[in-house]
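Please read the structure below before turning to the comments.
In this note's numbering, the protein residues as written are 7 to 440.
Below, the structure is given as structure tokens:
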């Protein structure tokens, strides 16, 4: 996954097919990829040029490249099981023989064989993204963006029967996602208190061989920005500036007005990351609240993450909350009636749990950013990182001022299984604390 930056790239040298055969190598040819490998014939290996060809129009659309410009565009690739078989004839790259997984140099790319077929495809698309950007756009941008885009567009689904390829997907939990393993690496980092802020991710430098955790960080940032409805358009526009030496400054300027929101959502994402994380449903529509005169009502959808009530709570004030209505929520197949969604109230259900609390129980969090003149730790009880269960009826005292957000307790990967909403009423209750 190393890439070399260069403004123009030479045409790859011609390959002597007879010599390849003597080296125990074979050639697979597609419209846009000539793949040389020492691996034996196998349906999934032999289909790789077809996968690559299917990616080219998707890359063109993604990066705004005229499809006519990619006619005749070809990449020479090497899929390597035994590195020594490629050494004769100079089939390994100069100065890059030590790459652990993959490498791209303009119109050439190299991919090491992997244990899982999906990860093999992922690496081919990762390196192919580098080659496309380098040769069609003239560059790939700074290291974090370069690798982030390759990580993003390496994640895919492929239907061998129909030839349908999708790039930039968020995979649900399963052997394909776990063969790449990026989510697990981030979960480990967070557990070890090694989480990266966005500025820290932007400092990742791919001019040296990176550990897989670094790829996980840049891929995660690109994925959030690419799938979040409020950030997506600005992120996708950045590909037209990959040659700008001030790319990072341009990126920060694009998000300057809502940098605080982006930073908070990034931290929520990495803290609660799961395979299949539904970024669109978890996207928060930050709506600052107004002080509560007496009573206010709001609806909380069961299939979305944190939602603003529009209420600004005051520190020390006591409030009464009631939540009416029912919604459906899916439980683990081994715990529910044949895995079917079950009905729940704001009190949650005892059939299943998430984060140690009943599935579906109504949770509350306060965003203190909307109230000036106070210092509140991001991990303080009652915030997004330590929400409070309220259930169907609760009296609570606000520990600090801020906008009240609510959601039902569920995995960020399973919100799409839910339907329905709760009708929530919040009223002041009694005197405020001294």
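All C-beta atoms in this analysis are idealised placements derived from N, C-alpha and C, irrespective of residue type, glycine included.
Using the beta-carbon count (16 or more within 10 Å), is residue 150 buried or exposed? Numbered from its first residue, the chain shown carries residue 150 at position 144. It counts as buried.
For residue 120, I'd like the list of residues in its chain whose CB is within less than 7 Å of its CB, leaving aside the five on either flank, ordered along the chain. Against the chain shown, residue 120 aligns to sequence position 114. Closer than 7 Å at the Cβ level, and outside the excluded window around residue 120, lie 126 and 129.
Distance CB(residue 432)-CB(residue 327) smaller than 8 Å: The residue you call residue 432 lines up with position 426 of the chain shown. The residue you call residue 327 lines up with position 321 of the chain shown. Yes, Cβ-Cβ distance for residue 432 and residue 327 is below 8 Å.
Scan the segment 163-212 and note each continuous alpha helix (DSSP H) run of 4 residues or more that stays entirely inside, going in chain order. Runs of the alpha helix (DSSP H) inside the segment 163-212: 181-186, 188-197 and 204-208.
Anyone know if the C-beta pair for residue 5 and residue 318 falls short of 8 Å? With the chain covering 7 to 440 only, the question about residue 5 has no answer from this structure.
So what does DSSP say about residue 428, is it helix, strand or coil? Stepping through the chain shown from its first residue, residue 428 is reached at position 422. Three-state result, residue 428: strand.
Would you tell me roughly how many angstroms separate the C-alpha atoms of residue 138 and residue 174, rounded to the nearest one? What you label residue 138 is simply residue 132 of the chain shown in a count that begins at 1. What you label residue 174 is simply residue 168 of the chain shown in a count that begins at 1. Our two residues, residue 138 and residue 174, have alpha carbons roughly 15 Å apart in a direct line.
Write down every uninterrupted run of the beta strand (DSSP E) in the segment 277-352 whose length is 3 residues or greater and which is fully enclosed by it, in chain order. Counting only runs of 3+ residues, the beta strand (DSSP E) found wholly inside the segment 277-352 occupies 301-307, 313-319, 324-330, 333-335 and 348-350, in chain order.
Cβ atoms of residue 285 and residue 234: under 8 Å apart, would you say? As a working note, residue 234 is residue 228 in the chain shown. As a working note, residue 285 is residue 279 in the chain shown. A Cβ-Cβ contact shorter than 8 Å links residue 234 with residue 285.
Inter-residue CB distance, residue 372 and residue 409 (contact presumed, cutoff 8 Å): Numbered from its first residue, the chain shown carries residue 372 at position 366. Numbered from its first residue, the chain shown carries residue 409 at position 403. Correct: roughly 7 Å between the Cβ atoms.
Using the Cα positions of residue 9 and residue 161, report the straight-line distance between them to the nearest angstrom. Looking up residue 9 in the chain shown gives position 3. Looking up residue 161 in the chain shown gives position 155. Below a pLDDT of 50, predicted positions are generally treated as unreliable, and residue 9, at 43, falls in that range; no measurement from the model is reported.
Have a look at residue 80 and residue 37 and give me their C-alpha separation to the nearest angstrom. Along the chain shown, read from residue 1 onward, the residue named residue 80 stands at position 74. Along the chain shown, read from residue 1 onward, the residue named residue 37 stands at position 31. Separation of residue 80 and residue 37 (C-alpha to C-alpha, rounded to the nearest whole angstrom) is 7 Å.
Taking the Cβ atom as the reference point for each residue, do residue 283 and residue 419 lie within a distance shorter than 8 Å? In the chain shown, the residue the question calls residue 283 occupies position 277. In the chain shown, the residue the question calls residue 419 occupies position 413. When the beta-carbon positions are compared, residue 283 and residue 419 come within less than 8 Å of each other.
Residue 184 versus residue 379: straight-line alpha-carbon distance, rounded: On the chain shown, position 178 is the one that residue 184 refers to. On the chain shown, position 373 is the one that residue 379 refers to. About 45 Å.
From residue 262 to residue 255, what distance separates their C-alpha atoms? Looking up residue 262 in the chain shown gives position 256. Looking up residue 255 in the chain shown gives position 249. Straight-line Cα distance between these residues: approximately 10 Å.
Spell out a yes or no on whether the segment 212-219 and the segment 246-254 are touching, meaning 3 or more CB-CB pairs, one atom from each, closer than 8 Å. The segment 212-219, when compared against the segment 246-254, does not touch it at the 8 Å Cβ threshold.
Would you call the segment 152-171 and the segment 24-39 touching, i.e. three or more CB-CB distances under 8 Å? At 8 Å Cβ cutoff, the stretches do not touch.
Look at the alpha carbon of residue 107 and the alpha carbon of residue 31, and state the distance between them as a whole number of angstroms. Looking up residue 107 in the chain shown gives position 101. Looking up residue 31 in the chain shown gives position 25. So the two alpha carbons sit approximately 19 Å from each other.
Which of helix, strand or coil does DSSP assign to residue 388? Translated into the one-based positions of the chain shown, residue 388 becomes position 382. Residue 388: coil per DSSP, three-state reduction.
Considering residue 232, what are the terminal residues of the alpha helix (DSSP H) in which it resides? Counting from 1 along the chain shown, the entry for residue 232 is found at position 226. Per DSSP, residue 232 belongs to the alpha helix (DSSP H) from 218-233.
To the nearest angstrom, how far is it from the Cα of residue 208 to the Cα of residue 89? By 1-based counting over the chain shown, the position of residue 208 is 202. By 1-based counting over the chain shown, the position of residue 89 is 83. Near 33 Å, if we compare the C-alpha coordinates of residue 89 and residue 208.
Which of helix, strand or coil does DSSP assign to residue 151? Residue numbering aside, residue 151 sits at position 145 when the chain shown is read from its first letter. Residue 151 carries a helical assignment under DSSP once its states are collapsed to helix, strand and coil.
Rounded to whole angstroms, what is the Cα-Cα separation between residue 86 and residue 75? Mapped onto the chain shown, residue 86 falls at position 80. Mapped onto the chain shown, residue 75 falls at position 69. Near 30 Å, if we compare the C-alpha coordinates of residue 75 and residue 86.
Once the 5 residues before and after residue 304 are set aside, which same chain residues still bring their CB inside 7 Å of it? Here residue 304 corresponds to residue number 298 of the chain shown, with the count starting at 1. Here the set comprises 315, 316 and 430.
Please determine, among 68, 56, 52 and 43, the residue with the shortest C-alpha to C-alpha distance to residue 242. Within the chain shown, the letter at position 236 stands for residue 242. Measuring from the Cα of residue 242, the nearest candidate turns out to be 68.
Name the one or two DSSP bridge partners that residue 400 has. As a position in the chain shown, residue 400 is number 394, starting the count at 1. According to DSSP, residue 400 shares a beta bridge with 327.
Cβ separation of residue 156 and residue 191, assumed to be a contact under 8 Å, to the nearest whole Å: Within the chain shown, numbered from 1, the residue matching residue 156 stands at position 150. Within the chain shown, numbered from 1, the residue matching residue 191 stands at position 185. A Cβ-Cβ distance of about 16 Å is found for the pair residue 156 and residue 191, leaving them out of contact under the 8 Å criterion.
So, are the CB atoms of residue 347 and residue 356 less than 8 Å apart? Translated into positions along the chain shown, residue 347 becomes position 341. Translated into positions along the chain shown, residue 356 becomes position 350. Cβ atoms of residue 347 and residue 356: not closer than 8 Å.
Any idea what DSSP makes of residue 408, helix, strand or coil? If you number the chain shown from 1, residue 408 lands on position 402. Residue 408 falls in the strand class under three-state DSSP.
Among 15, 33 and 16, which one has its Cα closest to the Cα of residue 456? The question about residue 456 has no answer, for the chain in this structure spans 7 to 440.
Taking all protein chains shown into account, decide if residue 7 is buried (16 or more other Cβ within 10 angstroms of its Cβ) or exposed. Within the chain shown, the letter at position 1 stands for residue 7. With a pLDDT of 42 at residue 7, under the threshold of 50, the modelled position of this residue cannot be trusted; read the value that follows with caution. The residue in question, residue 7, is buried, as its Cβ has 16 or more Cβ neighbours within 10 Å.
Tell me the DSSP bridge mates of residue 32? As a working mapping, residue 32 is identified with position 26 in the chain shown. BP columns for residue 32 point to 43.
Provide the residue span of the beta strand (DSSP E) that contains residue 363, from first to last. Start at 1 with the first residue of the chain shown, and residue 363 comes out as number 357. Counted as a single uninterrupted DSSP element, the beta strand (DSSP E) harbouring residue 363 occupies residues 363-365.
Looking at residue 401: is its Cβ nearer than 8 Å to the Cβ of residue 370? Residue mapping note: residue 401 aligns to position 395 of the chain shown, counting from 1. Residue mapping note: residue 370 aligns to position 364 of the chain shown, counting from 1. Not a contact, by the Cβ cut-off of 8 Å.
Taking the alpha-carbon of residue 289 as reference, which of 181, 147 and 411 has the nearest alpha-carbon? Locating residue 289 in the chain shown gives position 283, where the first residue counts as 1. In this structure, 411 is the residue among 181, 147 and 411 with its C-alpha nearest to the C-alpha of residue 289.
Burial state of residue 416 (16 or more Cβ within 10 Å): For the purposes of this step, residue 416 is identified with residue 410 of the chain shown, where counting begins at 1. A residue is called buried once 16 or more other Cβ atoms fall within 10 Å of its Cβ, and residue 416 is buried on that count.
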